[in-house]
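In UniProt numbering, the protein residues as written are 1 to 397.
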C-alpha cells in the first residue's frame, strides 16, 4: 500500500490507541505512518464487569475502558491495589483517587505507571486530629499530582460516630500531610478548582469559595483557607421534576452548574439544564444562576469533582451531556459499611442527553454503555470511567 494512503487512513482514526494498533500490524505501515501528531482525546469510561472472580496473584486483571471516539472498549491492565478499590475522582494524566479499603486507604494512583500518593485519613477538628472514620466522597485538585506539595486537595467527606449518623464536611490537605485541615460543616454536592479557588455547591445552590493560603516551602500539614459564602438568588425548578444532582464544570473561562433531573415517578435521569454563574449586581453581595438555553457547541462529561467540557469543533457529532450512574454519592453508608460480602452499585443510568437547555428532551441511553446492576466485592474505581469491579466512572488518560 502506498505510504501516502497509509498515512491518510491513519489520520482518519481519531482514537490514538486504535491508530497505534493499526500501524503496528505491519512494519511497512509503521514506517509509512511515521510520527503522526496525536489527536485530541476524550475521557474513557471504565465499565463494570458483568461478573468477577478471584484471580491468582500472578494474574493481572484488565479493565474495560469504553472509548467514545472509537465506539468500543479498550482493555488495559489495572494496578494490583486498585482492583478492589472504590473510585472517588479522576485527574488528567491517568490519575484516579481511590479508597483501597472499605473506608480507608485513600490514595491517588496513576493507571499508566502505578505511581501511588497516599492521602490523609484523619481530620483536624477543634485543633486536634480526630480518628473517627472518614468517608471520602469526592475530591478536586489545584494542579497535577506530579507537582507534589504544590498540589492542594479539596475533599467532600462524611464522618460518622455510629452507624447511619453521618455529617458532611469539606476539608483540605497537601501531598505529604498527615491530616486533613480547615474542616467546615457544609453539605456539598460537588467541588471544582476554578481561577485559583475551590468552589463547593450545596443543595440550596449557594456556594462556598475557598482560596488556599499556602507557603509551598512550609511543612505539608501547614495550610490555611480564605472562605467566603456566596449567596445566590434561588432557582425555581419545574414542579414535575426532582433534582438528581448538581455538578460544576469550567467552560470557556466561565463556571457552569449542570443540574440533573428525574421525574416524580421514575428514578433514572430524564433531563438536564445548564446555568451560568453571574454576579447579580456590580459589587453586590448576591450571585445568580443564569439559564443557558443550549450547549452552544459544547460536549460535557459530568462526574463529582472531575467534570470537563470539550469543544464540539474538535469532536464533530458528539454534542451532549454525558453522564454516569453516581447515585451512591448520596449513600455514604454504602461506602462505609458495604452491606454483606459485596457491594451492589447501580450502573444502568448512563448515557447522553443531546438537548440541554430544556427539560422536555429525552436522555439517550448510549447503546455501548453498560446497563444493569454490578454486584461485587470490588467497587468503582474511576469516576469518569467507572471501575467497579467496578461501577461506571470517567477516566482522563
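Where is the CB? At the ideal position from N, CA and C, for every residue including glycine.
- One thing to note: residue 292 has its Cβ within 8 Å of the Cβ of residue 276.
- The stretch 308 to 318 makes no contact with the stretch 195 to 214; the number of CB pairs closer than 8 Å stays below 3.
- In this structure, residue 151 and residue 174 form a Cβ contact; the two beta carbons are roughly 7 Å apart against a cut-off of 8 Å.
- Closest in alpha carbon position to residue 160, among 280, 68, 136, 172, is 136.
- Excluding its 5 nearest sequence neighbours in each direction, residue 74 has C-beta neighbours in its own chain below 6 Å: 17, 65, 67, listed in chain order.
- If you draw a straight line from the Cα of residue 90 to the Cα of residue 310, it is about 16 Å long.
- Remark: C-beta atoms of residue 180 and residue 186 do not approach each other more closely than 8 Å.
- Exclusion of the five residues before and after residue 208 leaves 170, 184, 186, 188, 199, 200, 202, 227, 228, 229, 230 as the residues of its chain whose Cβ lies within less than 8 Å of its Cβ.
- Nearest Cα to residue 244 within the set 106, 215, 112, 190: 190.
- Short of 6 Å from the beta carbon of residue 278, and not among the five residues preceding or following it, lie these beta carbons of its own chain, in chain order: 288, 290.
- Annotated three-state conformation of residue 122 is coil, per DSSP.
- When Cβ pairs closer than 8 Å are counted between the two stretches, the stretch 235 to 251 is seen to touch the stretch 262 to 273, the count reaching three or more.
- For the 8 Å CB-CB criterion, residue 139 and residue 153 form a contact.
- The C-alpha of residue 109 is placed about 6 Å away from the C-alpha of residue 117.
- Taking each of 219, 11, 253 in turn and checking the Cα distance to residue 30, the smallest one comes out for 11.
- Contact check for residue 141 against residue 193 passes: the beta carbons are separated by less than 8 Å.
- Scanning the stretch 190 to 230 for uninterrupted beta strand (DSSP E) segments of 3 residues or longer gives 197 to 202, 207 to 213, listed from N- to C-terminal end.
- Beta-bridge pairing by DSSP links residue 91 to 95.
- The distance from the Cβ of residue 78 to that of residue 86 is about 14 Å, inconsistent with a contact at the 8 Å cut-off.
- The beta carbon of residue 167 sits closer than 8 Å to the beta carbons of 158, 159, 160, 185 from its chain, once the five residues preceding and following it are set aside; these are given in chain order.
- The C-beta distance from residue 103 to residue 133 rounds to 5 Å, short enough to meet the 8 Å contact threshold.
- A distance below 8 Å separates the beta carbons of residue 93 and residue 396.
- Rounded to the nearest whole angstrom, the CA to CA distance from residue 155 to residue 39 is 33 Å.
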